[in-house]
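In this note's numbering, the protein residues as written are 7 to 273.
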């Protein structure tokens with residue numbers, strides 16, 4: 007399917023989808039914040055590795071940064087099937103990027119138990135401590151790879167790193183007759199009629215091939231994401247054919263594209 011080439015097709019680029027987070031506030035005279043604290047989605051599938059983003063900043067120097075994982079209200083003291091992977095903080099830093107410097111990831115093994123989880127980050131600066139929480143759910147099993155599994159309407163939002171920020175609303179409309187429509191609606195923040203612009207609409211034929219979905223593009227239309235005008239393209243953009251694994255669990259379908267996990271949720 008075209009999702010595998012999504013990053014290449016979006017010339018604006020994309021960030022992971024923003025999920026729930028605890029707002030950051032200054033702590034007394036000391037400024038200590040965590041911005042952009044997020045997972046690719048608040049729905050994680052067993053058997054995956056999910057990067058955690060966020061930037062810790064202080065006007066002092068971090069003494070330490072610790073991470074805890076909770077299932078419900080219970081601290082997971084012995085990590086078995088939902089794991090945290092991270093690199094230790096370098097003491098004396100005033101900034102610490104959880105993803106690029108700390109390599110913070112949540113790894114869900116195939117045996118992961120279904121439920122609600124919370125990741126807690128504890129940042130220490132001298133005698134001051136701040137805790138930040140991020141909630142997510144884990145679903146353990148993929149549903150059977152059948153036509154009934156994937157037909158319907160699937161949606162996801164992608165935050166684009168533009169100024170001002172914009173959101174790309176991606177929709178897959180899949181019918182049992184073998185047609186898939188992949189559309190990308192840009193929420194521009196501009197006045198009407200350019201507040202929402204359909205920058206890409208690709209119609210495809212799809213079939214099930216050995217538990218995966220094989221797609222072939224048949225009819226496409228594109229608009230320029232800057233001018234919002236139709237492009238002069240007469241052919242569909244590459245790749246014209248694609249095969250994507252069917253990884254559906256509890257109404258969530260996960261795709262990995264260029265190291266970024268996208269989660270589509272079913273209407």
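Ideal placement from N, C-alpha and C gives every residue a C-beta, glycine not left out. Since we're looking at a predicted model, the values are computed, not measured.
Query, Result
"Rounded to whole angstroms, what's the CA-CA distance from residue 118 to residue 198? Just pull it up for me.", "46 Å"
"So what does DSSP say about residue 106, is it helix, strand or coil?", "coil"
"For the alpha helix (DSSP H) that contains residue 153, what are its first and last residues?", "153–156"
"Over the uninterrupted beta strand (DSSP E) stretch that includes residue 208, give me the two end residues.", "202–215"
"In terms of residues, what are the limits of the beta strand (DSSP E) holding residue 77?", "70–77"
"Using only the alpha-carbon positions, how far apart do residue 41 and residue 144 sit?", "24 Å"
"Do residue 168 and residue 193 count as a contact pair if the criterion is CB distance below 7 Å?", "no"
"Check whether the region 229–240 and the region 249–257 are in contact - that is, three or more C-beta pairs closer than 8 Å.", "no"
"So for residue 220, helix, strand or coil by DSSP?", "strand"
"Quick check on residue 6: buried or exposed, where buried means 16 or more other Cβ atoms within 10 Å of its Cβ?", "This structure does not reach residue 6, given that the chain is present from 7 up to 273, and the question cannot be answered."
"Consult DSSP for residue 97 and reduce its assignment to one of helix, strand or coil.", "coil"
"I need the straight-line Cα distance from residue 273 to residue 182, nearest angstrom please.", "16 Å"
"Report the CB separation of residue 49 from residue 132 in whole angstroms; it is logged as a contact under 8 Å.", "About 38 Å separates the two Cβ atoms, so there is no contact after all."
"So if DSSP puts residue 256 in a beta bridge, which residue, or which two residues, is it bridged to?", "None, per the DSSP bridge assignment."
"Below 8 Å on the Cβ atoms is my contact criterion, and I expect residue 73 with residue 45 to pass it. Report the Cβ-Cβ distance as a whole number of Å.", "Residue 73 to residue 45, Cβ: 13 Å. No contact."
"Taking the alpha carbon of residue 158 as the point to measure from, which residue in 180, 174, 149 has its own alpha carbon closest?", "180"
"In whole angstroms, what separates the C-alpha of residue 146 from that of residue 121?", "9 Å"
"For the putative contact between residue 218 and residue 177, defined by C-beta atoms under 8 Å, what is the C-beta separation to the nearest angstrom?", "Not really, about 21 Å apart at Cβ, beyond 8 Å."
"Using a Cβ-Cβ cut-off of 7 Å (strictly less than) and excluding sequence neighbours within five positions of residue 9, which residues of its own chain qualify?", "Since pLDDT at residue 9 reaches only 45, below the 50 mark, its modelled position is unreliable, and the value read off the structure follows with that caveat. Excluding residues within five positions, the ones whose Cβ falls inside 7 Å are 250, 261, 263, 268."
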